[in-house]
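Chains as they are written, first to last, in full-length UniProt numbering: chain A, 1 to 494; chain B, 1 to 421.
The C-beta atom is built at its ideal place from N, Cα and C for all residues, glycine as well.
Only a predicted model underlies this, so the values are computations on that prediction, with no experimental measurement involved.
Below: one structure, written as structure tokens.
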């Protein structure tokens, strides 16, 4: 009965084209880009803030958990409805409300795709700096939830450094504004707290972003090394030398093999590692700076450094990096990507450790990552049809994260904790730290309505509900033309 | 002199002073305060203790200046972790040996402690290029009201594990917890730098320069705007250009490789067509100047009688409007200074209290009609009570109140400092 009533109320707000409730539709919303799955009970597609608030109020009346999803490109399960309930998809809130080319601000709805902001700003010589690799698909709302990074965050900072204000729907349906187009709003920095809170504190329905001037010139360097050690020593040297390039990306031998067999980008197949380095800004002195960095690489035994200034050649060098995750399909059916960060001077040691872990688990691990930030992305190659391999991949992943934390680093640099790493949080945080975070969550989300069971170590209740839902999801999908019978799984909503 | 007198706030003197030497001692002092029900005011060097209301209760002054160790500097990682009582100046002197710095220049930066800079969230001109302490802070350790030590962030430059606690404690004025340690990302010192100064007849004329610097891909280190009175205050201390017709002065500080510095300077000169003065400052003058600028138009603590210090948060393009309202009352001599590319304006006015009140009300209503914000930084408690500490007070305040109640349920940390808490 409850299910039918919920559906009816949702249909009143969203109309038949704005709600999904049938299993064969819900199936499409049970995953993101991580390895976890969970099917929501309803999916709605709001176009305006008031609709989000209305959906939240319905969820409250019926005790449904709420999960917000953008483009579903997240890598940690943040948008997976593992507890079921109501999924709010923001992709129809995709209006760019304002580009202010004088004050360098953009006001956007959360479903706007990351790159669309830069495209809209391009006419004014401006762009939005954070550039996750999924920027052609991922949404600003998702970026804000995860505090996303990207290759060029080395020089310009991550999402939180570019978000000035938000409109937020709280878990009780109230709409508040935090921050704004001006800087330094008095009081607590709720904007800074909400960015990166993985949808557990509020639902972002509007964001004020900072734009930046497009660099006048960019030079890309490709430095080729025989070993990963040499390449990581060079990264440390470049950082320590006092030059902060726009981006420093590394690919190891395995990654180069995958990339070059998918698409020829000009990386030498026998190289142990390559660095892709962007230096950018004013043309004055830029080539001098590029040559300076080239000399640093050569000092660490780079066997070749190519300097590309023309856009086509730069694009070719970067295309390998940008397509690297996709190219892994050449080597294995599945990959599991990790996101640990280490102090940059620990890179050589931790990369050796990762190779050792791979050998021990009998798994190939490719490395494609933001070396300048110390943000690793080991890609553990496996076959998800093989449960034993899958188990080993997940275990190897956890061991890599432990190695990062032991080296003075962290669990996740830009992908978020989500479901995937929630039980690893105690590696980094004491019970007191986690208790303080739980209190902060309670100030916003006291009933755990928003994204329950994410980000923090799983409670017994989370696990029980999850296993029951998992069991249900393995049942065959039944196709129906009408709303489902009313008596289903009401007790699964926590 | 009785030690407690050093920690007096607006006639309110604590009964007890603690000067912990270690983080554990600081936590113990807070546990003791919790057992005894004491209200606590954390202290750094006290340069901005006047921000916010006078605490409603005040038993324990917790002086953190003896927590002044550098815990870990990783030069090759460009990160540092320090105890909160260390002075910025001392820290940067140490970092200079490595060609690095923590590029912050808050008001009274020669005395300010790291903990104080974080708690107040006040920035300086370098903000234009490097962001504020908020952007450079990567990790924090805090003693909560009951003495529990917690940490957030870490010592790596990218980190999204857990809530971003560094952001929450930055600018919270010591009302949520006592900052005992902080970790920062550092920057290399620029290879070269230079400073240009421009004198304009009116604030409107300066806008073409400040707005072109805002969108300059060479990212000037600082674009600071001062009115004539603020400029005169600086000129009283050092040799600087003068011009009776210049009512607004803009300082442009460029850093980077020498060719980049020259290019920024050329572009600044080209964008300042209405300027009566266009000078490049000698290196020594520039370095004296920058050490001093961020304290101009900021009242020291305790604020002198008959003075009011305020901050306006507008958009960069609204600077001239802000200037007009700031200088609209002839009986109030005003010093103001703005981060030209950020739209933040700091001002101090002096005069009879009722006129000051009118001045502040005008500024507040300007901020409200322009979608910005207004805050009293320093001045008599009576004015803060009459006007409210800041505007606008939006529904988000209710959430702030709940955060405060969660982290400091007994309301013993800086009680009443924020007015609503």
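What are the boundary residues of the beta strand (DSSP E) that includes residue 239 of chain A?
-> In this chain, residue 239 of chain A is not harboured by any beta strand (DSSP E); it is covered by the alpha helix (DSSP H) spanning 228 to 240.
Does the separation of the CB atoms of residue 312 of chain B and residue 374 of chain B fall below 9 Å?
-> Result yes, Cβ atoms of residue 312 of chain B and residue 374 of chain B sit closer than 9 Å.
Is it right to say residue 245 of chain B is buried, meaning 16 or more other beta carbons lie within 10 angstroms of its own, or is it exposed?
-> Label assigned to residue 245 of chain B: exposed.
Taking residue 144 of chain A as the reference, which of A:458, A:274, A:192, A:463 has the closest Cα?
-> Closest by C-alpha distance to residue 144 of chain A, out of A:458, A:274, A:192, A:463, is A:192.
Specify, as a first and last residue, the run of the alpha helix (DSSP H) that residue 311 of chain A falls within.
-> Per DSSP, the unbroken alpha helix (DSSP H) holding residue 311 of chain A starts and ends at 311 to 322.
The beta strand (DSSP E) enclosing residue 346 of chain B, as first and last residue numbers = DSSP places residue 346 of chain B in the uninterrupted beta strand (DSSP E) bounded by 344 to 350.
Excluding five sequence neighbours on each side, which residues of the same chain lie with their C-beta closer than 7 Å to the C-beta of residue 290 of chain A?
-> Cβ within range, chain order: 219, 221, 279, 307.
Could you list the residues in the region 126 to 155 of chain B with a C-beta less than 9 Å from some C-beta on chain A, going in chain order?
-> Listed in sequence order: 127, 131, 132, 134, 135, 142, 144, 148, 149, 150, 151, 152, 153, 154, 155.
Quick one: which unbroken beta strand (DSSP E) runs of 3-plus residues sit fully inside the region 64 to 131 of chain A? Chain order, please.
-> As far as the region 64 to 131 of chain A is concerned, its whole beta strand (DSSP E) runs of at least 3 residues are 66 to 69, 86 to 89, 96 to 100, 105 to 108.
Tell me, please, whether the CB atom of residue 39 of chain A is closer than 9 Å to any CB atom in chain B?
-> It does not: the Cβ of residue 39 of chain A has no partner Cβ on chain B nearer than 9 Å.
Please name the residue, chosen from B:204, B:164, B:180, that lies closest to residue 195 of chain A on a Cα-to-Cα basis.
-> Minimum Cα distance to residue 195 of chain A is reached at B:164.
Could you tell me which residues DSSP puts in a beta bridge with residue 370 of chain A?
-> Its beta-bridge partners are A:375.
Can you grab the Cα-Cα spacing for the pair residue 390 of chain A / residue 142 of chain A, in whole Å?
-> Rounded to whole angstroms, residue 390 of chain A to residue 142 of chain A spans 27 Å at the Cα level.
Just how far apart, CA to CA, sit residue 414 of chain B and residue 52 of chain B?
-> Spanning the two alpha carbons is a distance of roughly 10 Å.
Figure out for me which residue from A:137, A:425, A:149 has the closest Cα to the Cα of residue 70 of chain A.
-> Comparing Cα positions, the closest option is A:137.
Is DSSP giving residue 403 of chain B helix, strand or coil here?
-> In the structure shown, residue 403 of chain B sits in a helix (DSSP, three-state: H, G or I).
Out of A:123, A:102, A:96, which has the shortest C-alpha to C-alpha gap to residue 114 of chain A?
-> Out of A:123, A:102, A:96, A:96 has the C-alpha closest to the C-alpha of residue 114 of chain A.
Specify whether the region 298 to 310 of chain B and the region 171 to 187 of chain A touch according to this definition: at least 3 beta carbon pairs, one from each stretch, less than 8 Å apart.
-> The region 298 to 310 of chain B vs the region 171 to 187 of chain A: no contact.
Three-way DSSP call (helix, strand, coil) for residue 37 of chain A in this model = The DSSP-derived three-state label of residue 37 of chain A is strand.
Could you tell me whether the region 160 to 177 of chain B touches the region 72 to 81 of chain B, using the rule of 3 or more Cβ pairs below 8 Å?
-> With the cut-off at 8 Å, the region 160 to 177 of chain B and the region 72 to 81 of chain B do not touch.
Near residue 135 of chain A, which residues of its chain fall below 6 Å by C-beta distance, leaving aside the five closest residues on each side in sequence?
-> Taken in chain order, the residues that qualify are 114, 115.
Beta-carbon proximity of residue 415 of chain A to residue 249 of chain A, cut-off 9 Å = No, they are not a contact pair.
N-terminal and C-terminal residue of the alpha helix (DSSP H) that residue 441 of chain A is part of | Boundaries of the alpha helix (DSSP H) harbouring residue 441 of chain A: 431 to 444, taken from the DSSP string.
C-beta neighbour in chain A for residue 384 of chain B, strict 9 Å | No, residue 384 of chain B does not count as interfacial toward chain A.
Based on the DSSP output, what are the partners of residue 220 of chain A in its beta bridges?
-> A:278, A:308.
Within the 9 Å Cβ cut-off, does residue 76 of chain B reach chain A?
-> Interface residue (Cβ-Cβ distance to chain A less than 9 Å): residue 76 of chain B is classified as such.
For the putative contact between residue 138 of chain B and residue 153 of chain B, defined by C-beta atoms under 8 Å, what is the C-beta separation to the nearest angstrom?
-> Residue 138 of chain B to residue 153 of chain B, Cβ: 5 Å. Contact.
I think residue 104 of chain B touches residue 85 of chain B, with their Cβ atoms under 8 Å apart; what is that distance to the nearest whole Å?
-> Incorrect: roughly 16 Å between the Cβ atoms, too far for contact.
How many angstroms separate the CA atom of residue 133 of chain B from the CA atom of residue 123 of chain B?
-> Taking the straight line joining both Cα atoms gives about 7 Å.
Hey, is residue 301 of chain B's beta-carbon within less than 9 Å of any beta-carbon in chain A?
-> Answer no: the Cβ-Cβ gap between residue 301 of chain B and chain A never drops below 9 Å.
Alpha-carbon to alpha-carbon, residue 213 of chain B and residue 341 of chain B | Answer to the nearest angstrom: the Cα atoms are 7 Å apart.
Evaluate residue 403 of chain B with the Cβ neighbour count: other Cβ atoms within 10 Å of its Cβ, from every protein chain shown; 16 or more gives buried, anything less gives exposed.
-> In summary, residue 403 of chain B is buried, with 16 or more beta-carbon neighbours lying within 10 Å of its beta-carbon over all protein chains present.
Write down the C-beta distance between residue 286 of chain A and residue 237 of chain A rounded to the nearest angstrom, noting that I regard them as a contact closer than 8 Å.
-> About 20 Å; that fails the 8 Å criterion.
In three-state DSSP terms, what is residue 24 of chain A?
-> In the structure shown, residue 24 of chain A adopts helical secondary structure according to DSSP, grouped into three states.
Residues of chain A with a CB under 7 Å from the CB of residue 317 of chain B: which are they?
-> Around residue 317 of chain B, the beta-carbon contacts reaching into chain A at under 7 Å are 102, 103.
Given that residue 92 of chain B touches chain A, what residues does it touch there, using C-beta distances under 7 Å?
-> Result: empty, since nearest Cβ-Cβ is about 15 Å, beyond 7 Å.
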